[in-house]
Structure formats: structure tokens, C-alpha cells
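See below for the structure under consideration.
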Amino acid sequence: MKKLNILVVDDQESTCKSLSTFLRLHQFQVSSAESGKSALEKLRGGSYQVVLTDYRMTEMDGIELTKRIKEDYPQMAILVMTAYGTIKNAVEAMKAGAFDYLTKPLNQDELLLSLERIGQQLELVNELSRLREKLGEKYHFKNIIGNSEPMQKVYKLIEQSSRNDATVLITGETGTGKELVARAIHFNSERKNKPMVEVNCAALPENLVESELFGHLKGAFTGADRDHQGKFELADKGTIMLDEISNMSSGTQAKLLRVLQEKKFEPVGGTNSVSVDIRTIALTNEDLKQAIQRGGFREDLYYRLNVINIDLPPLRDRKADIPLLVDYFAEKFSGKKGTEKPNISPKVMDMLLRYEWPGNVRELENVVERMLTLSEGDLLPEHLPPEIKSLGELAWKEPSEKVSLKERIESLESYMISEKLREAGGRVLHTARELGIPLRTLRRKMEKYNLRKESFKKPGSSR
Numbered sequence: 019m020k021k022l023n024i025l026v027v028d029d030q031e032s033t034c035k036s037l038s039t040f041l042r043l044h045q046f047q048v049s050s051a052e053s054g055k056s057a058l059e060k061l062r063g064g065s066y067q068v069v070l071t072d073y074r075m076t077e078m079d080g081i082e083l084t085k086r087i088k089e090d091y092p093q094m095a096i097l098v099m100t101a102y103g104t105i106k107n108a109v110e111a112m113k114a115g116a117f118d119y120l121t122k123p124l125n126q127d128e129l130l131l132s133l134e135r136i137g138q139q140l141e142l143v144n145e146l147s148r149l150r151e152k153l154g155e156k157y158h159f160k161n162i163i164g165n166s167e168p169m170q171k172v173y174k175l176i177e178q179s180s181r182n183d184a185t186v187l188i189t190g191e192t193g194t195g196k197e198l199v200a201r202a203i204h205f206n207s208e209r210k211n212k213p214m215v216e217v218n219c220a221a222l223p224e225n226l227v228e229s230e231l232f233g234h235l236k237g238a239f240t241g242a243d244r245d246h247q248g249k250f251e252l253a254d255k256g257t258i259m260l261d262e263i264s265n266m267s268s269g270t271q272a273k274l275l276r277v278l279q280e281k282k283f284e285p286v287g288g289t290n291s292v293s294v295d296i297r298t299i300a301l302t303n304e305d306l307k308q309a310i311q312r313g314g315f316r317e318d319l320y321y322r323l324n325v326i327n328i329d330l331p332p333l334r335d336r337k338a339d340i341p342l343l344v345d346y347f348a349e350k351f352s353g354k355k356g357t358e359k360p361n362i363s364p365k366v367m368d369m370l371l372r373y374e375w376p377g378n379v380r381e382l383e384n385v386v387e388r389m390l391t392l393s394e395g396d397l398l399p400e401h402l403p404p405e406i407k408s409l410g411e412l413a414w415k416e417p418s419e420k421v422s423l424k425e426r427i428e429s430l431e432s433y434m435i436s437e438k439l440r441e442a443g444g445r446v447l448h449t450a451r452e453l454g455i456p457l458r459t460l461r462r463k464m465e466k467y468n469l470r471k472e473s474f475k476k477p478g479s480s481r
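Going by our numbering, the sequence shown opens with residue 19, and the numbers climb by one from there.
Rendered as C-alpha cells:
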């Protein structure tokens, strides 16, 4: 255990000296002050973890000093000692924020035990701080992989959301990374050192939804043998993430709406309101506007949740990010295996670029993990799952190892435009619509790749 830096406060000089000597003999760093005022001045210029103060002192007693210290240094551990020990004094000290209460003459073993407990608590606090810092690094929005234009818009919204407390609605297909975005917002916000409570609304039993979210009191229903804190109370001062929000019942939706509006709720079986300070992030893979039309989702709740909307693009709409994602996952899983990151066959990359990815990034991650598990070296076509291997050979010459990523993507783009022009019989406007790009953009790309619409007209067609 790291030795603590202790400030001893007592208006009796002899007590200060004897305590300081004893603590130094046990390898603690010690300073002393003979009044509360002097102690506050020393705290401003020092790096103490513990204050050991007498209860009765002139000008400022130990209780007042404890309160003053806790206002400016809430993490400080304070031990109060007195020759006039009573239960009332002990309760008063603990209410003021003291860590422990010791009676004079001090039992040296009792003092050392209290200091050991403080040291253990500080180590836990420091470890928690380190873990939160790592989480912040892990879920930094810059670690969400992708350089495509759709992802640049997502990054901007994440960054903006992290700087305020507005409610966020994250939408997108399954596997697009909605949970990762929610965590990035929390761990880069002012609430990052407070709880982030994650709730999967679809996984909550129907008869226990309100109890799980808002808690219940003992005796509220059969089996409620004790009070239970709900997720919203556990998330106080932090963030609550409500995944699959569309699965909430209408009754729970009404209660959630009140929490968002008034920041308070009643536990099941209770009549007194519980106030909370929370930030809400809701996630869904459903179209809530359609759910409103069906009568399955409250319109007023939708507008309360949809203050900031982050709509995550499916992977098929940002295929330019696939090489980056594959490289990231290959490094991640090879690191877990303790092997070098494998080379990725150009043919494999081309086939990955052709696939439509109904399971989005999560499916791509699983595919890369599968390939690394099956391969003993480079990632080759035979390591791909059947649904991707079935795409077969590509229509253009396989690129050499020296071909750049930019050239590969351009090769794919040229091929896709050619295929759509062929299917459309050379009709440029129809092709642009099929590809989902502006007509002017398509004409520019056709000129770039030397593609002439006449080459794709079907026999006998005059258009």
C-alpha cells in the first residue's frame, strides 16, 4: 500500500509532535497545523490524502473544519479524534463527512487500521479512475472506424452531443454500432465519471419492466421482500441507455415521458417521488414514425427523445470503409491470438466489397474473426463463408499486390457502374437512380472511366 501524506491538526503542540513522530516511524509523510485556519492554508499548498484533526479546538473545532474541508476537497479522508467521546459526537462527525471517529488516548493499532482502510479505499478510487480513463479512450468517437462521408457526419454529431446534456435518439439497422456510439457520447461528456446504466428494453420481462426501470418498495407485489432500486435511480448523475426503446409498453412509455419532462418518478408501490439527474440516450432499429402510425409508440415521447438524432448508415452505404474495418478487426483478433496481423488477399477484399452486408459491421467483424480462426497465414477466398464465396470471380482482372487501395475502390466503382449500365441498356438516368447518385455525378464518373452509354444499349433499342 502506498504510504499516505497526512496533515495532523491539534491546538496542543505536544499532541502534534507525538502523533507526527509516531506516524513518521511508520513511514507516513506528515505535516502539522495548530489551528483550523492554519490547516486550511496548508491544504491549499499541499497534496494530502488524510487529515487527522482534534474535535475540540479554539476558533474552529474539528466538526467545522471537517465541513470546510469537504466543501473544497470532497475526496479528502478525515479522522476526528477527541478525549470527550460520545455517541452524539461520533454521529455529528460522521454526518459532517468524517471517515472515522477515534477517542483519546489514541489506540495506536486502531489508528493504523483506520489509515490502512483509507489507503485501500484510495487505491480502489484510483483504480476506478484508471478504468474510467481507459473506457474513455476505448469509446472515444475517433475509435469508431470509418473515413467515409456518412461517418464524418456521425462523428460531428457525436462530438456535438458530448458537449451538451440533450436527449439523444440513435437509429440504425442491427449491427451498425448504436451501442458504441452511445458509449462514446457518455465517456466523452461531463458525466463520464458517473454511472452509465444500459437497459435492453426487449429483454425485460413484461411484468417487471416498471420495477426494473423505476424500482419498487417492499411489499409492492408478491415476491417483493425488500426495496429495490431501479435503473433510473442507479443512473442518477450519469447516463441511462435505453436499447430497443420501441419494445416499451404504452404504460411504461407514459412513465418514461414524465421522467424526461420532470426528472422524477414513483417506484412501484410508492407514493413519494424520487428525483434524478440523468441524461437519456435511446436506441432503436425500428422506424418510430411508422410505429406511431400503427399506434405502438407515443408521438409525444418520440419528440421528447428525438432532440438530437444520430442515424447510423448501413455498411452497404459506406463500403469505402470496409478496407479500414477489415484491417482493424484483423489486427484486433490476431492480437488476441498472439499472431502477426495477416495479409489480406486482394481477391478477398474485392469480394468483401461486393457483398451487401445485411448484418452490417457486426457481421463483418464476425466474418474476419472466422477467417482468422480458419487460416494459418494470409486471409484467402477459401476462408470466406459460403454466402460471400458464392459471389464468384469478379469481372475485372485481379489486382496485383502493388495496386493501391484507391485503385481497388476505383476498379470496383467502374465495375458497378458498368453492370448497372448493362442492366439498364445504357439508360443513364435509370442507372443513376439505381445507383442512388446524382445524374451529373454519374456522367462525370462515366467520363472518368471511359464508359459510353452506346456500348451498353441492347440490340434493337433506339434509346
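We put the beta carbon where it would ideally sit given N, CA and C, even for glycine.
Nearest-angstrom Cβ-Cβ length linking residue i and residue j, presumed shorter than 8 Å
i	j	result
L288	L235	It should be noted that the sequence gives Gly, not Leu, for residue 288. Rounded, the Cβ-Cβ distance is 5 Å, consistent with contact.
K196	G256	K196 to G256, Cβ: 19 Å. No contact.
E17	N218	There is simply no residue 17 to check, as the chain begins at 19 and stops at 481 in what is shown.
R316	L278	The pair is not a contact, with the Cβ atoms about 11 Å apart (cut-off 8 Å).
V325	A184	4 Å
Any chain C beta carbon closer than 8 Å to residue i
i	result
G395	The displayed structure is made up of one protein chain only, and chain C is not part of it.
Chain-order list of residues whose beta-carbon lies under 8 Å from that of residue i (same chain, five-residue window excluded)
i	result
R461	V446
K415	Legend: pLDDT at K415 = 46, less than 50; position of this residue unreliable, value from coordinates given subsequently. Taken in chain order, the list of residues that qualify is empty.
I435	T449, L453, L460, K463, M464, Y467 and L469
Q178	I326
R481	Here the model assigns R481 a pLDDT of 47, short of 50, so the residue's position is not dependable and the matter cannot be decided.
Span separating the alpha-carbon of residue i from that of residue j
i	j	result
L275	A238	23 Å
L120	L140	20 Å
S207	Y73	40 Å
M266	N378	25 Å
L392	K354	15 Å
L124	F40	11 Å
L198	M214	13 Å
L469	G444	10 Å
K174	A309	28 Å
R451	R458	12 Å
E280	L37	52 Å
E381	W375	7 Å
L142	G314	45 Å
R135	A116	13 Å
C34	I105	25 Å
I455	E405	27 Å
V27	V69	7 Å
P331	K359	28 Å
Three-way DSSP call (helix, strand, coil) for residue i in this model
i	result
F239	coil
D254	coil
D368	helix
Q47	strand
N384	helix
S294	According to the sequence shown, residue 294 is Val rather than Ser. Correct three-state label for V294: coil.
E31	helix
K282	strand
N468	coil
T192	coil
I163	coil
T289	coil
K174	helix
I455	coil
D261	strand
L301	strand
K415	In this predicted model, K415 has a pLDDT of only 46, less than 50, meaning its place in the structure is not dependable; the value taken from the coordinates is given anyway. Of the three classes helix, strand and coil, the one that applies to K415 here is coil, per DSSP.
Opening and closing residue of the beta strand (DSSP E) in which residue i lies
i	result
V27	N23 to V27
V325	V325 -> no beta strand (DSSP E), and no H or E assigned at all.
T100	A95 to T100
L120	D118 to T121
Boundaries of the alpha helix (DSSP H) in which residue i is found, first to last residue
i	result
S352	I340 to K355
M75	Here M75 belongs to no alpha helix (DSSP H), and DSSP marks it neither H nor E.
A200	K196 to F205
T482	Outside the shown range of the chain (19 to 481) lies residue 482, about which nothing can therefore be said.
N218	No alpha helix (DSSP H) contains N218, which is instead part of the beta strand (DSSP E) from M214 to N218.
L306	L306 to R312
L222	Looking at the DSSP string, L222 is not in any alpha helix (DSSP H), and its letter there is neither H nor E.
R62	G54 to G63
M112	I105 to A114
E228	V227 to F232
Own chain residues within Cβ distance below 7 Å of residue i, not counting five before or after
i	result
K60	L25, S49 and A51
S32	none
V386	V344, F347, A348 and F351
E465	none
R42	V48
Y320	L306 and I310
Neighbourhood of residue i by C-beta, 6 Å cutoff - its chain only, sequence neighbours within 5 removed
i	result
T192	N303
A300	L187, L260, I263 and L323
Residue i beta carbon near the ligand ATP (any heavy atom closer than 7 Å)
i	result
K282	The ligand ATP is not part of this structure, which contains no ligands at all.
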